[in-house]
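Only one structure is covered here, and it is reproduced in the block below.
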Amino acid sequence: MANDPRDAVHPIPQFPAGFLWGVSTSAHQIEGAADRREPSVWDTFSAEPGRVKDGSTAAVACDHYHRHTEDVALLKDLGVDAYRFSISWPRVNSPGGLDFYDALVDELLAAGVRPVPTLFHWDLPAHLDWLERDTASLFAEYAATVVDRLGDRVSKWITLNEPAEHTLLGHALGTHAPGKQLLFDALPVAHHQLLAHGLAVRALRAAGVTDIGVANSHGPTWPASREPADLEAAGFYDLLLNRLFAEPLLLGEYPEGIGELMPGDVAADLKIIGEPLDWYGVNYYAPTRVGAPQGTEIEFGGITMPAELPFSVREIEGVPVTDFGWPVVPEGLTELLTTFKDRYGDRLPPVVITENGCSYDGLDDQDRIAYLDAHVRALHRALEAGVDVRGYFVWSLLDNFEWAEGYARRFGLVHVDYASQTRTPKASYQWYRDVLRSQAPRARG
Numbered sequence: 267m268a269n270d271p272r273d274a275v276h277p278i279p280q281f282p283a284g285f286l287w288g289v290s291t292s293a294h295q296i297e298g299a300a301d302r303r304e305p306s307v308w309d310t311f312s313a314e315p316g317r318v319k320d321g322s323t324a325a326v327a328c329d330h331y332h333r334h335t336e337d338v339a340l341l342k343d344l345g346v347d348a349y350r351f352s353i354s355w356p357r358v359n360s361p362g363g364l365d366f367y368d369a370l371v372d373e374l375l376a377a378g379v380r381p382v383p384t385l386f387h388w389d390l391p392a393h394l395d396w397l398e399r400d401t402a403s404l405f406a407e408y409a410a411t412v413v414d415r416l417g418d419r420v421s422k423w424i425t426l427n428e429p430a431e432h433t434l435l436g437h438a439l440g441t442h443a444p445g446k447q448l449l450f451d452a453l454p455v456a457h458h459q460l461l462a463h464g465l466a467v468r469a470l471r472a473a474g475v476t477d478i479g480v481a482n483s484h485g486p487t488w489p490a491s492r493e494p495a496d497l498e499a500a501g502f503y504d505l506l507l508n509r510l511f512a513e514p515l516l517l518g519e520y521p522e523g524i525g526e527l528m529p530g531d532v533a534a535d536l537k538i539i540g541e542p543l544d545w546y547g548v549n550y551y552a553p554t555r556v557g558a559p560q561g562t563e564i565e566f567g568g569i570t571m572p573a574e575l576p577f578s579v580r581e582i583e584g585v586p587v588t589d590f591g592w593p594v595v596p597e598g599l600t601e602l603l604t605t606f607k608d609r610y611g612d613r614l615p616p617v618v619i620t621e622n623g624c625s626y627d628g629l630d631d632q633d634r635i636a637y638l639d640a641h642v643r644a645l646h647r648a649l650e651a652g653v654d655v656r657g658y659f660v661w662s663l664l665d666n667f668e669w670a671e672g673y674a675r676r677f678g679l680v681h682v683d684y685a686s687q688t689r690t691p692k693a694s695y696q697w698y699r700d701v702l703r704s705q706a707p708r709a710r711g
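Residues in the sequence shown are numbered from 267 upward in steps of one, following our numbering.
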């Protein structure tokens, strides 16, 4: 098996020169300082009783807004090439909001760490709605404002983070902000996010940017059996969670039968959505085992799946799970990347793993070390199979506000005591630092 613990006694294989090693975070999950920005949909959602499991909010979170100097020092000590963070649109809309990111970028560069900002990581300004087409145009204006301020020092940009999850969880199922339960009537949200991506790419290109990607979440879809009903359900799930968000970007078209469900002049919009990318970001956590609908509501991975969906998500048996209950299947990363290479051929640009990580408690987090070790090796196997992979970002630098789970899940390489805001590097932090030191000398900054 790909995560055989015996692998741990062998060094991590060498990755190519120029391979980008990093860690990721997002603004709403770590920044705090909610009084220094306008409200987001997550502020509104978290204030509603029962929405967040522990009743918490991200008003303070990791207080990164006030402690970013300390956190940049952790990044420097860790030895990463790059730091993927997100920029809060609500903060940029507030007086002096860009000053924070201006200072953060300068501190990162002084520490020899390349800044890789994501323009949208789910924290939509509360007065906006992805169901409205105008939001896409407003996003492009916001992107132009940010690149005008930071583009002289930031060269690598990400437009959106996980539009699939933001559509499914936030607008179809209602378990994330803004809490809408539209099921398939949420499809315009997907289209408007993709349109926003394309318009933002054009805005970034107009500012001279030549290094643009997206961070889409993907994973293999495994049918529960070879029975026709299970195969059909798995194919539909794969279309919704993988192809719907990859093919407009990579091929300039929606999967068959989807385009006519989208609003507006879809053919014209696809020309914008399909603006060429310099690289394609993949957030990978696990495969999904899918079968025919079972006619009952299902609780899976902390998410309630309604009975009326045309598929059901099943347990992957015989594999370990994280503290979140997510299956640990590192070989799924190799499978996903080789599948994308075969499916999209030369239309697939170089790939960067923009997120990969796991939730485990404890400072001596050997389970996280085993998880990351196995996934880095799985990534190397994809390289050996001919996939052009250019980087790997661990999720996450810090324990943080884990959306509807509140503070119950810890994904960080660094432990955060939320009462005192004390940062304590975990064993996995030391492990990752050793891995980075073991790789060939790398370009920094």
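Just so you know, even glycine gets a beta-carbon here, dropped at the ideal spot from N, CA and C.
Q) Between Gln447 and Leu426, is the Cβ-Cβ spacing less than 8 Å? A) no
Q: For the alpha helix (DSSP H) holding Val467, just list the boundary residues, first then last.
A: 453 to 472
Q: Just the C-alpha distance for Val413 and Ala462, rounded to the nearest angstrom, thanks.
A: 15 Å
Q) Can you tell me the Cα-Cα spacing of Pro553 and Ala456, whole angstroms? A) 21 Å
**Q.** Closest residue to Ala452 among Ala469, Pro429, Leu465 (Cα-Cα distance)
**A.** Pro429
(Q) With a threshold of 7 Å on Cβ separation, who are the neighbours of Ala490 within its own chain once the five nearest residues in sequence on each side are excluded? (A) Asp496, Arg555, Val556, Gly557, Arg580
Q | Given Arg656 as reference, the closest of Asp347, Leu629, Pro542, Gly321 once Cα atoms are compared | A | Asp347
Q) Could you give the C-beta distance for Ser352 and Ala283, rounded to a whole number, given that I count them as a contact under 8 Å? A) At roughly 28 Å, the Cβ-Cβ gap does not stay under 8 Å, so Ser352 and Ala283 are not in contact.
Q. Does the beta-carbon distance from Arg350 to Thr384 come in below 8 Å?
A. yes
Q. Do you know offhand how far Asp270's Cα is from Trp592's?
A. The predicted model places Asp270 with a pLDDT of 46, which falls under 50 and marks its position as unreliable; any figure quoted below should be read in that light. Using only the alpha carbons, I get a separation of about 18 Å.
(Q) In this structure, how does DSSP classify Lys422 when only helix, strand and coil are distinguished? (A) strand
Q: Could you give the DSSP three-state label for Leu439: helix, strand or coil?
A: coil
Q. Does DSSP put Ile524 in a helix, in a strand, or in coil?
A. coil
Q) Pairing CB atoms from the stretch 633 to 640 with CB atoms from the stretch 606 to 625, are three or more of them under 8 Å? A) yes
Q | Where Val551 falls: helix, strand or coil (DSSP) | A | According to the sequence as given, residue 551 is Tyr; it is not Val. Correct three-state label for Tyr551: coil.
Q: Report the three-state DSSP secondary structure of Asn508 (helix, strand or coil).
A: helix
Q.
Since Leu599 and Leu645 should fall inside the 8 Å C-beta cutoff, what is the C-beta to C-beta distance between them, to a whole number of angstroms?
A. 6 Å
Q: Classify Gly711 as buried or exposed, calling it buried when 16 or more other Cβ atoms lie within 10 Å of its own Cβ.
A: Summary for Gly711: the model assigns pLDDT 43, below 50, so the residue's position carries little reliability; its value from the coordinates is reported in the next sentence. That one is exposed.
Q. What is the rounded straight-line gap between the Cα of Ala377 and the Cα of Leu286?
A. 16 Å
Q. Going by the beta-carbon positions, is the gap between Glu541 and Gly464 smaller than 8 Å?
A. yes
Q: Hey, could you find the ends of the alpha helix (DSSP H) Arg703 is sitting in?
A: 693 to 704
Q.
Is the beta carbon of Val379 closer than 8 Å to that of Leu341?
A. yes
Q) So does the stretch 684 to 702 actually touch the stretch 571 to 578, counting three or more Cβ pairs closer than 8 Å? A) no
Q. Do you know offhand how far Leu515's Cα is from Ala392's?
A. 27 Å
Q) With 16 other CB atoms within 10 Å as the buried threshold, where does Lys422 fall? A) buried
(Q) Does Glu519 come out as helix, strand or coil in the three-state DSSP assignment? (A) coil
Q: Have a look at the DSSP bridge pairing and note the partners of Leu679.
A: Leu679 pairs with nothing; no bridge assigned.
Q. Cα separation between Thr588 and Trp355?
A. 32 Å
Q: Apply the 10 Å Cβ neighbour rule to Pro277 and answer buried if 16 or more other Cβ atoms are within range, or exposed otherwise.
A: exposed
Q | Minimum C-alpha distance to Val358 - residue among Ser306, Ser704, Glu526 | A | Ser306
Q.
What does the alpha-carbon distance come out to for the pair Leu702 and Met528?
A. 44 Å
Q.
Let me confirm a value: Glu668 is counted as buried when at least 16 other C-beta atoms fall within 10 Å, else exposed. Which label applies?
A. buried
Q.
Which residue wins for smallest C-alpha separation from Ala651, given the options Asp368, Asp365, Glu601, Gly345?
A. Glu601
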